[in-house]
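**Student:** Before I ask anything, here is the structure I am working with.
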Amino acid sequence: MTSRLRLLLGGLVLLFVALQFVPVDRSNPPVSREVRWDRPETRALAQRACFDCHSNETVWPWYAYVAPVSWRVAGHVEDGRRHLNFSAWDQPNEDADEVEEVLREGEMPLWDYVLLHPEARLTGAETEALIEGLRATFAADPPVPRRRSASPEPGS
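Just so you know, our numbering puts the end of the sequence shown at 549, numbered straight through with nothing missing.
Structure representation (structure tokens):
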């Protein structure tokens, strides 16, 4: 191995080690108010397929501690909690229509999450049961609505 190649590899190793010191928020804030589930089966399906990104009960896997993957995982969790957080039902959350849409279109759970967590993959029947249960849950215990930014009037 040439000295240039050794120097390059050494630099890459040092860079990788240095990246591990970049802080990443992997906190699980306290549950402020969990949604009142329509039945335990709905919660179990949501826990299996949704909770790691959409609750304050995230189970952080080993790879969530290795940069740069840790940044992606933490970003997904932060984004997921911002849209829908079953542990912060007293905060603004998406409505049932939006949740149903992303489930029906297969946008959730994310494909890369399912790749590493095959237990999160829902069958068609499980997806339908989750949608039905979430509709009942949201009807009985509606989320705090999100504030929509007002669109400017046409021509103004």
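A virtual CB, placed ideally from N, CA and C, is assigned to each residue, including glycine.
Rounded to whole angstroms, how far is the Cβ of residue 460 from the Cβ of residue 513, which I believe are closer than 8 Å?
**Tutor:** Position 67 of the sequence shown, counting from 1, holds the residue named residue 460. Position 120 of the sequence shown, counting from 1, holds the residue named residue 513. Contact flag wrong, Cβ pair sits at about 24 Å.
**Student:** What did DSSP end up calling residue 518 once you bin it into helix, strand or coil?
**Tutor:** Here residue 518 corresponds to residue number 125 of the sequence shown, with the count starting at 1. Here residue 518 sits in helix by DSSP.
**Student:** Can you pull the DSSP bridge partners for residue 485?
**Tutor:** On the sequence shown, position 92 is the one that residue 485 refers to. Residue 485 pairs with 537.
**Student:** Less than 8 Å between the CB atoms is what I'm expecting for residue 522 and residue 427, so what's the real figure, rounded?
**Tutor:** The sequence position of residue 522 within the sequence shown is 129, counting from 1. The sequence position of residue 427 within the sequence shown is 34, counting from 1. Not really, about 20 Å apart at Cβ, beyond 8 Å.
**Student:** State whether the region 476 to 490 contacts the region 520 to 540, with contact taken as three or more CB pairs (one from each stretch) at a distance under 8 Å.
**Tutor:** Because the criterion of three Cβ pairs below 8 Å is met, the region 476 to 490 and the region 520 to 540 touch.
**Student:** Enumerated in chain order, which unbroken segments of the beta strand (DSSP E) with a length of 3 residues or greater are wholly contained in the region 397 to 423?
**Tutor:** Those beta strand (DSSP E) runs which fall completely within the region 397 to 423 and span 3+ residues do not exist here.
**Student:** So residue 524 and residue 493 are in contact, right, with Cβ under 8 Å, and what is the actual spacing, rounded?
**Tutor:** Against the sequence shown, residue 524 aligns to sequence position 131. Against the sequence shown, residue 493 aligns to sequence position 100. Indeed they touch by this definition, with Cβ atoms about 5 Å apart.
**Student:** Using C-beta distances below 8 Å, list every residue in its chain close to residue 411, excluding the 5 sequence neighbours before and after it, in chain order.
**Tutor:** One-based indexing of the sequence shown puts residue 411 at position 18. Cβ neighbours of residue 411 beyond the five flanking positions: none.
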